[in-house]
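Going by our numbering, the final residue of the sequence shown carries number 367, and the count climbs one at a time with no gaps.
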Amino acid sequence: MNSGVQTAEYYLGYDIGGTKCSIVLGDRNFNVHEKIVFQTHSERGYQEILSDFKKHTYALLGKYDKKNLVKIGISCGGPLDSERGIIYSPPNLPGWDSVPIVEIFEKEFSVDVEVQNDANACALAEWMMGAGKGTKNMIFLTFGTGMGAGLIINGQLYSGTNDLAGEVGHIRLAEEGPVGFGKAGSFEGFCSGGGIARLAQGIVSEKLKAGVTVDFCPSADRLEEITARTVFEAAYAADPVAKEIVNISATYLGKGLALLIDILNPECIVIGSIFTRNEDMLRPLIEKILEREAIPASKNVCRILPAALGDDIGDYAALCVSLK
């Protein structure tokens, strides 16, 4: 730990997840000096969870001069209202109904507080200190459990009229297909961890009924064991059914990217999680689609990049909300 931060300005980032929460203390140069992680236990309700944040924050304020705390940034799953600082019933946080989280912490600690949904917060982190650093126009795609986007337009985070900009997972890319974001054939249906698993389960089920051998799922009673990870592992082992599934997902990823490139003309699209882990397999497939689907002049100025911040992105995301 750099003791110099004790006499310098510092910032706090709160990352609120359905499984775990974290508090990071950092400085203007993105150095993280302290990190506290605790289990959410979401069944407790928001008041107990926020009490944990307060308790751990006061412990940090006992080590660092409180008057040097500049701002608190919060990253949390949506839906939420960043302007009013209210969280509205995130699916991973039951009972968080219209929680005025900004007001709660501003009253508690007498500093400015800002909240952003997790996709927007991750976009800020990759733009300020990750793969998109130095750009003015960047899109961040989560491509993890779900498919969401954070948009940096003309050097500013763009949230839309009521914080719903970037809900690209809801875009329908095909009339039929796996369900994601409540819609069959959606971007999230084809390009997310859950969507790829559902896509694979449907295809493997049909293969097994037709008498085709599927090495990574030899019987129908094991369909529920299929995950995106097992599909990619099998594809790397040259399993033909797994490669077919990956090809379908990559095709729709390419189509989704082409739409975003044509509409927003970004300098780069930074893609997290599944793309970061499987770039070598996915990139050649999506490049073929982009050659066919995207406006050449827009495609040629847009780089497709893996996220750079890895597993620490949640910590940096919350911190970057306080630094923006």
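For every residue, glycine included, the Cβ atom is placed at its ideal position computed from N, Cα and C.
Check the Cα spacing between Val313 and each of Gly187, Ile147, Pro122 and Glu219: the tightest is with Gly187. Scanning the region 64–88 from its first residue to its last, the whole beta strand (DSSP E) runs of 3-plus residues come out as 75–82. When secondary structure is reduced to three states using DSSP, Gly116 falls in the strand class. Arg320: member of the alpha helix (DSSP H) spanning Ile317 to Arg320, first to last residue. Around Asn205, the same chain offers Asp124 as residues with beta carbons nearer than 8 Å, after the five sequence neighbours per side are excluded.
Counting only the Cα atoms, Leu302 lies some 12 Å from Pro339.
Distances from the CA of Gly121 to each of Glu146, Tyr89, Ser153 and Val158 were compared; the closest alpha carbon is that of Val158. Listed in chain order, the alpha helix (DSSP H) elements of length 4 or more contained wholly in the region 184–264 are 230–233 and 236–252. In the structure shown, Glu157 falls within a strand segment according to DSSP collapsed to helix, strand and coil. DSSP links Tyr53 through a beta bridge to Leu112.
Your pair Ile269 and Ala227 does not check out as a contact, with CB atoms roughly 19 Å apart and the cut at 8 Å. Straight-line spacing of the CA atoms in Ala351 and Gly203 works out to 26 Å.
The beta carbon of Arg346 sits closer than 6 Å to those of Cys311, all from its chain and outside the five residues before and after it, given in chain order.
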